[in-house]
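Novice: A single structure is presented below for examination.
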Amino acid sequence: MKARLLITTAAAMFALSFAAGGASAAGKWDGGDDLPTNPIACEAGAVAPAAAPKPYDGGQPTNPPNLAGKKISVVDVPKLIGIGYFNATAQGMQEAAKELGNITVKTDGPTEAKIDEQIRFIDNYITSGVDGVLFAANDPVAISPVLKKALSKGIHVIGYDANSNPDAREWFFNQADFNAIGKTMMDSMAKEIGEDGGFAIVTSTFTTPNQARWIHEMQDYAAKCHPKMQWLETVEAQEDNNLSFNQATTLINKYGDKLKGLFGMTSVATPASAEAVTKAGQCGKIAVVGLATPNAMKPYVHSGCVKSVILWNPIDLGYAATYAMRAAADGKLKPGSTSVDAGRLGKLNIINGSEILLGPPFVWTKDNIDKFDF
Amino acid sequence: MSAAIEAGVWRAPRWLKQHETLLAIILIIALVSLGAFNNRFLTVENLLDQGRFITETGLIALPMTFVIITGGIDLSVGAIVGLCAIMLGYSWKTFGFPLPLAIIFALFVGAVAGFVNGYVITRVRVPPLIMTIATLALYRGLAEGVSQAHSVRGYPDWFYFLGQGSVFGVPTQLLLLAALIVVAGVALDRTTFGRALYAVGANETAARFSALPVDRVKLIVYTLSGLASGLAAWVLVSRVTTTRMDMGIGYELDVIAAVVLGGASIFGGSGTIWGTVIGLVMIQLLKNGLALTGVKGDATIVVIGVALILSVLIASSLQRRRD
């Protein structure tokens with residue numbers, strides 16, 4: 018009897034302490050990260066002012082072997098395999114490999130976006146002796162120790178899509194400026210739902226680096242240029258189709274009329290949110306704006322449910338990353354370089370110390386979406 | 128016996144027919160053939176490195192062996208890992224505990240979580256499967272709620288020694304696992320506690336009527352399961368240098384696979400630490416060896432599945448011959 022009382026009290030205190038801890042209010046939108054932002058000016062078409070050049074802040078491989086001109090084998094470990102977006106980046110890498118002729122790229126990764134699995138994949142490839150690793154990180158801090166291990170073994174490490182800690186890789190391919198994405202997303206949504214609409218966000222996880230950056234940039238841009246728009250909630254859907262659909266449907270049911278727009282932050286969340294809006298019969302009443310590959314969104318754009326789809330060209334992203342890997346292995350791309358030659362994309366500039374920018378985000382609408390096939 | 132020998136039939140000695148021995152033989156064959164395919168697989172460096180990845184699952188597999196021997200199961204271990212990882216980081220960052228105290232707090236949280244499992248299973252008589260599925264969701268939800276999905280990073284350098292350092296060339300966490308394997312093996316084989324576990328698993332009613340402290344024994348194994356999950360969480364955070372609330376998802380399946388592969392019957396009453404260790408090593412080295420040979424990720428999962436099925440078939444055919 019006494020034991021039962023003691024246990025119950027302990028359990029209650031246990032639960033209460035958690036409740037108290039979790040009840041502290043967050044000041045910013047859920048899903049945003051803590052890095053500083055740089056919102057662009059509010060006018061349409063404004064671009065970010067050129068940032069002051071930063072010194073190189075990446076990591077370098079220790080005693081890399083001299084591979085200039087030699088055949089190299091590279092492994093690409095994306096966040097997960099089996100979704101259209103990373104199929105497209107892998108396709109770009111194969112195109113570049115074919116053009117260059119002296120590099121082979123193998124894409125292998127976990128079937129779910131889990132950082133622990135991704136670490137094991139990279140570790141196995143380090144042991145099997147690849148010359149280079151291309152990665153898109155599920156978690157920027159957790160992936161850094163294994164990437165540093167790769168660098169210490171003389172392996173070249175280049176990231177794309179989702180960054181790690183800067184000193185754990187040589188270069189990072191940023192598909193589009195984070196603040197440009199923030200501006201494009203918020204402006205598209207404001208155009209569809211008006212300056213005082215309420216919206217919710219469906220993202221991958223709150224700690225995925227690129228989604229977290231975009232959400233933070235969106236928040237600060239909205240505070241500056243669309244202050245009356247209401248952020249309702251951010252939910253996680255982990256790049257899973259079913260979960261994204263369920264989460265979007267839950268949001269529609271939970272907020273009812275208050276919800277005027279849904280943001281999809283991943284190429285899986287956006288079509289799933291569009292499907293949820295279509296199934297709920299809310300096409301035209303709830304706007305869906307998000308990042309997605311054109312093929313996945315064609316049915317919704319043609320039905321009028323979705324007006325604009327934002328992305329960059331992931332095929333170009335994989336293509337350019339492969340060219341950069343070849344240049345790094347040849348010794349042509351090193352700290353102090355200001356640009357890299359990226360085949361059919363021309364010369365791409367190096368910004369922010371060790372980031373390479375692909376270009377501005379691209380917006381697909383009913384008029385141009387049929388011209389693309391990925 | 129001599130009549131059988133005279134008839135020309137050779138009966139294999141008993142130890143050869145044991146599940147663990149067969150498994151060890153299969154393991155050696157697998158290692159040698161994978162080593163033949165890829166010359167980087169059987170290097171000391173690679174094997175020790177894999178030790179890092181084995182440790183978290185291994186730490187939890189030890190008390191899980193105890194739990195399964197008693198005829199129970201604990202599906203909430205992965206969620207307890209996530210909860211303890213979050214409590215480690217959160218108590219350090221937000222409550223302001225000094226880091227050693229935060230570590231002890233995380234272990235304490237794991238033990239309490241396991242204790243709650245054990246208490247409800249023994250006092251309220253909820254079947255272990257149902258209780259631990261419920262706490263799987265409960266603890267994961269607590270981890271999400273407490274952390275608000277924020278990670279905790281920036282630990283001091285000494286903290287990473289457990290997950291990333293080595294002592295005399297052997298990864299630190301592997302030494303920890305080895306020590307605990309010895310302790311668990313001795314406890315199971317040579318103490319009355321261990322004997323009681325087998326008795327409870329074989330026939331709980333008979334054990335109760337034999338005046339064995341059945342409820343206390345069960346409570347202890349579930350608490351140990353939670354404590355081991357806390358320990359695994361500490362090693363994990365030290366290895367990946369950050370806490371995430373989705374840590375540990377899926378661990379329960381890897382752990383149970385290792386224990387069952389090692390010969391423990393899911394209905395209770397049999398199993399050894401030695402078998403669990405072989406099962407653990409087999410799964411991890413299979414995954415690693417196949418990856419090094421160039422087999423892609425999804426195919427490795429298929430091979431692990433086939434290995435599990437084969438092992439269960441062998442175990443059940445041995446069981447039938449014994450009966």
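So the sequence lines, in the order shown, correspond to chains A and B. So in my numbering, the last one in the first sequence is 391, and the numbering has no gaps at all. So in my numbering, the last one in the second sequence is 450, and the numbering has no gaps at all. Quick reminder that beta carbons are idealized off the backbone N, C-alpha and C, glycines included.
1. Applying the criterion that 16 or more other CB atoms from any shown protein chain within 10 Å of the CB defines a buried residue, is B/Leu315 buried or exposed?
2. Locate the beta strand (DSSP E) running through A/Leu276, then write down its first and last residues.
3. Do we get a CB-CB distance below 8 angstroms when we pair B/Lys345 with the residues of chain A?
4. For A/Pro53, which residues in chain B fall below 9 angstroms Cβ to Cβ?
5. List the residues of chain C that B/Arg280 touches, going by C-beta distances under 8 angstroms, in chain order.
6. Excluding the 5 residues flanking B/Arg280 on each side, which residues of the same chain have their C-beta closer than 7 angstroms to its C-beta?
7. Residues in its own chain within less than 7 angstroms of A/Asp309 by CB, not counting five upstream and five downstream?
8. Any idea what DSSP makes of B/Gly432, helix, strand or coil?
9. In its own chain, which residues sit with a C-beta less than 7 angstroms from the C-beta of B/Ile355, not counting the 5 before and 5 after it?
10. Count Cβ pairs between the segment 228 to 239 of chain A and the segment 192 to 206 of chain A that sit closer than 8 angstroms; are there 3 or more?
11. Return the chain-ordered ranges of every alpha helix (DSSP H) run that is complete within the segment 124 to 158 of chain A and spans a minimum of 4 residues.
12. Would you list the residues sitting across from A/Phe216 in a DSSP beta bridge?
13. When Cβ atoms are compared, which residues of the segment 116 to 129 of chain A fall closer than 7 angstroms to chain B?
14. Return yes when the C-beta of A/Pro288 is under 7 angstroms from any heavy atom of the ligand ATP, and no when it is not.
15. Considering only residues of the same chain and omitting the five flanking positions on each side of A/Tyr142, which have a CB-CB separation below 6 angstroms?
16. For A/Glu116 and B/Ile260, I'd like the C-alpha separation in whole angstroms.
17. Since B/Gly321 and B/Glu147 should fall inside the 8 angstroms C-beta cutoff, what is the C-beta to C-beta distance between them, to a whole number of angstroms?
18. Chain B partners of A/Arg230, CB-CB under 8 angstroms?
19. Output the distance between the C-alpha atoms of A/Gly38 and A/Ala185, rounded to the nearest integer angstrom.
20. Report the residues of the segment 400 to 427 of chain B with a CB closer than 8 angstroms to any CB of chain A, ordered along the chain.
21. Consider the Cβ of A/Pro378: report whether some Cβ of chain B lies at a distance smaller than 8 angstroms.
22. With DSSP collapsed to three states, give me the class of B/Val251.
23. Measuring straight from C-alpha to C-alpha, what distance separates B/Thr427 and B/Leu413?
24. Using DSSP bridges, identify the partner residues of B/Pro298.
25. Taking A/Gln247 as the reference, which of A/Phe223, A/Lys271, A/Leu260 and A/Lys277 has the closest Cα?
26. So B/Thr184 contacts chain A; which residues on that side make the cut at Cβ distance below 9 angstroms?
27. Listing by chain order, which chain B residues have their CB less than 7 angstroms from the CB of A/Asn141?
28. Could you pull out every residue in the same chain whose Cβ sits closer than 6 angstroms to the Cβ of A/Pro81, ignoring the five residues on either side in sequence?
29. Any idea if A/Gly307 is buried or exposed, counting beta-carbon neighbours within 10 angstroms, 16 or more meaning buried?
30. Pick helix, strand or coil for A/Tyr177, following the three-state DSSP scheme.
31. Output needed for A/Leu168: all residues of its chain with C-beta closer than 6 angstroms, excluding positions within five of it in sequence on either side, in chain order.
32. Starting from A/Leu374, follow the beta strand (DSSP E) in both directions and report where the run begins and ends.
33. Please name the residue or residues paired with A/Lys364 in a DSSP beta bridge.
34. Which two residues bound the contiguous beta strand (DSSP E) that contains A/Ser90?
35. Measuring straight from C-alpha to C-alpha, what distance separates B/Asn165 and B/Gly416?
36. Is B/Asn244 close to chain A? Criterion is C-beta to C-beta, closer than 8 angstroms.
Specialist: Once the coordinates are examined:
1. buried
2. Leu276 to Gly281
3. no
4. Those within 9 angstroms of A/Pro53 in chain B number zero; the least Cβ separation is about 17 angstroms.
5. Of the protein chains in this structure, namely A and B, none is chain C.
6. Thr368 and Thr369
7. It should be noted that the sequence gives Ala, not Asp, for residue 309 of chain A. Counting only Cβ-Cβ distances below 7 angstroms, and skipping sequence neighbours, we find Gly281, Ser284, Thr287, Pro288, Val326 and Leu328.
8. helix
9. Before going on, a small fix: residue 355 of chain B reads as Ala here, not Ile. Leu186, Ile187, Leu189 and Pro190, listed in sequence order.
10. yes
11. 132 to 144
12. A/Trp248 and A/Gly278
13. Asp125, Gly126, Pro127 and Thr128
14. Absent from the structure shown: the ligand ATP. Ligands present: none.
15. Val92
16. 52 angstroms
17. Between B/Glu147 and B/Gly321 the Cβ distance is about 16 angstroms, and since that is not below 8 angstroms, they are no contact.
18. Correct list: empty, because the minimum Cβ distance to chain B is about 14 angstroms.
19. Here A/Gly38 scores only 42 on pLDDT, less than 50, and its place in the model is too uncertain to base an answer on.
20. Lys414, Asn415, Ala418, Leu419, Gly421, Lys423, Gly424 and Asp425
21. no
22. coil
23. 8 angstroms
24. B/Ser293
25. A/Lys277
26. Those do not exist, as B/Thr184 stays about 11 angstroms from chain A at its closest Cβ, beyond 9 angstroms.
27. Asn415, Ala418 and Leu419
28. Gly171
29. buried
30. strand
31. Gly76, Pro78 and Val174
32. Glu372 to Leu374
33. A/Asp358
34. Ile89 to Val94
35. 8 angstroms
36. no
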